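Participant: The structure is given below, and queries will be raised subsequently.
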Amino acid sequence: MKITRASVNITSPGRNFVTLKIETGEGIYGLGDSTLNGRELAVASYLSDHVIPCIIGRDPFETEDIWQYLYRGAYWRRGPVTMAAIGAVDLALWDIKGKALNTPVYNLLGGKCREGVLAYAHANGKDIDHALEDVARHREMGYKAIRVQSGIPGLATTYGIARSGEKYEPAERGLPSECEWATEPYLRHVPKLFARVRQVFGEELHLLHDCHHRLTPIEAGRLGKELEPFHLFWLEDPAPAELQQGFKVIREHTTTPIAVGEVFNSIWDAHDLIRNQWIDYIRMTPSHAGGLTQLKKVADFGALYHVRTGCHGATDMSPVCMAAALHFDTAIHNFGIQERVPHSEETDAVFPHHYTFKDGLMLAGEAPGLGVDLDEALAAKYPYQRAYLPINRKLDGTLTDW
Ligand code: CS2
Ligand code: MG
470 MKITRASVNI TSPGRNFVTL KIETGEGIYG LGDSTLNGRE LAVASYLSDH VIPCIIGRDP
530 FETEDIWQYL YRGAYWRRGP VTMAAIGAVD LALWDIKGKA LNTPVYNLLG GKCREGVLAY
590 AHANGKDIDH ALEDVARHRE MGYKAIRVQS GIPGLATTYG IARSGEKYEP AERGLPSECE
650 WATEPYLRHV PKLFARVRQV FGEELHLLHD CHHRLTPIEA GRLGKELEPF HLFWLEDPAP
710 AELQQGFKVI REHTTTPIAV GEVFNSIWDA HDLIRNQWID YIRMTPSHAG GLTQLKKVAD
770 FGALYHVRTG CHGATDMSPV CMAAALHFDT AIHNFGIQER VPHSEETDAV FPHHYTFKDG
830 LMLAGEAPGL GVDLDEALAA KYPYQRAYLP INRKLDGTLT DW
């Protein structure tokens, strides 16, 4: 089997997605998600101008050699753009492999370790009462795990809060919007939020929270300690993770489980975090982690240190990435949880798929390959529109982490 053609599709059914389609002489094609929120065209060019010429004529079954060729052969290795491009190639090749062998990709990763995978939803509100209403709504939908975020008293904006009546979509068309931030009101508020959630919903529900990289390690240690009575499933991105050793400080102060890694694109980003057991969950997702080929290695390395997976699954991962994540989640032993932020109806129409959600679990489906497609005619109706993630400033104007 040979790769005969590859093309990059950019579409924007409510938000931008970049998809790689790799075709073979046997008429089998595969899809890979290479969406990098706010920097989409950089990855599209990396694929079209630099990667695609190198893979024409290759055997799509040679996933490991093609991965090494694109990683080591670039010389300039790692980084979100490079690894999202490699990730798209890798996902498309696994899709082709599954279709050619007429089997779902999870069978190529070790077969089923479980039927359905535990999924968590996003519940949010401008204040605690509205957040509680959204938790109730998602529990009614059958979720057994819910991430809870709320507005912070005194702050006009904060991460993770949808405008009233809208779905939460952080990327905005036009130039980056500016949010405001103050740590102390946040640290005072979050324990009150989870005290109320536990008071209203009891202990059964798995609760998660995303700090979104905004604290220092000692602040994260304080928050983790104050959240211990509420037994969170995880506290996510408590601090920026360039300083992996900073998580040692957090670990020394709290038993609240720690999750990190949605912005990682290499196993080396997590190497010290995992081998020192400074984290409990690794959030890397197939498209941004250089594909299933690298992500499986991360999971296997994490398994040695009791680290479980928790693939990132926000709306800026397309259904192609979600499908790949669910095959991965189904097959690996140290699966933890899968984030699920439902896509819009337009997006689901552009990317028809076999995965499903029921009673708090997601199922990858039994279709050969990844079980997702791209309706190119429909995709063409949604032209790309430049969009950015917001930036964040402290109240004194200092730029900080969003
Ligand atoms: C968030 C994401 O889902 C999450 O955990 O961190 O929504 C993140 O803000 C976006 O994926 C950024 O594009
Ligand atoms: Mg996050």
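So the numbering used here is basically just the index in the sequence shown, starting at one, shifted up by 469. In this text, a Cβ means the ideal position worked out from N, Cα and C, and glycines have one as well. The structure displayed is predicted, hence computed values, not measured ones.
1) What are the boundary residues of the alpha helix (DSSP H) that includes Ala614?
2) Rounded to whole angstroms, what's the CA-CA distance from Ile497 to Asn571? Just pull it up for me.
3) Okay, do the stretch 804 to 813 and the stretch 767 to 783 touch, 3+ Cβ pairs below 8 Å being the bar?
4) Give a yes or no on contact between the stretch 587 to 605 and the stretch 847 to 864, applying the rule of three or more CB pairs nearer than 8 Å.
5) Can you have a look at Gly849 and say buried or exposed, based on whether 16 or more other CB atoms are within 10 angstroms of its CB?
6) For Asp679 versus Asp706, is the C-beta spacing smaller than 8 Å?
7) So does the stretch 751 to 770 actually touch the stretch 795 to 803, counting three or more Cβ pairs closer than 8 Å?
8) For Tyr857, which of helix, strand or coil comes out of DSSP?
9) Could you tell me whether any non-hydrogen atom of the ligand CS2 is closer than 7 Å to the CB of Pro709?
10) Would you say the beta carbon of Asn485 comes nearer than 7 Å to a heavy atom of the ligand CS2?
11) Hey, out of Gly567, Val558, Thr532, Tyr515, whose CA is closest to Val550's CA?
12) Measuring CA to CA, which of Thr724, Ala708, Thr723, Gln714 is closest to Val732?
13) Pull up the distance between the alpha-carbon of Thr867 and that of Asp564, whole angstroms please.
14) What does a CB cutoff of less than 7 Å around His607 pick up in its chain, not counting 5 residues either side in sequence?
15) To test your reading of the DSSP string, which unbroken alpha helix (DSSP H) runs of 4 or more residues are found completely within the stretch 686 to 765?
16) Looking at the structure shown, is Asn506 part of a helix, part of a strand, or coil, going by DSSP?
17) For Val841, list the residues DSSP reports as bridge partners.
18) Look at the Cβ atom of Thr488, then the Cβ atom of Ser787, and state whether they are nearer than 8 Å.
19) Considering only residues of the same chain and omitting the five flanking positions on each side of Met791, which have a CB-CB separation below 7 Å?
Facilitator: Checking against the coordinates, here is how it stands:
1) Taken as a continuous stretch (DSSP letters only), Ala614 belongs to no alpha helix (DSSP H), being part of the beta strand (DSSP E) at 614 to 619.
2) Straight across, the Cα-Cα distance linking Ile497 with Asn571 is about 11 Å.
3) yes
4) no
5) Checking the sequence, you will find Ala at residue 849 rather than Gly. Classification for Ala849: exposed.
6) yes
7) yes
8) Tyr857 sits in a strand when the DSSP states are folded into three classes.
9) no
10) Incorrect: Asn485 has no Cβ contact closer than 7 Å to the ligand CS2.
11) Tyr515
12) With distances taken between CA atoms, Val732 lies nearest to Ala708 out of Thr724, Ala708, Thr723, Gln714.
13) 45 Å
14) Taking C-beta separations shorter than 7 Å and ignoring five residues to either side along the sequence, the partners of His607 in its chain run Ala590, Ala592, Ile615, following chain order.
15) Listed in chain order, the alpha helix (DSSP H) runs fully inside the stretch 686 to 765 are 686 to 696, 715 to 722, 740 to 744, counting runs of at least 4 residues.
16) Residue state, collapsed to three classes: coil.
17) His822
18) yes
19) Gly782, Tyr824
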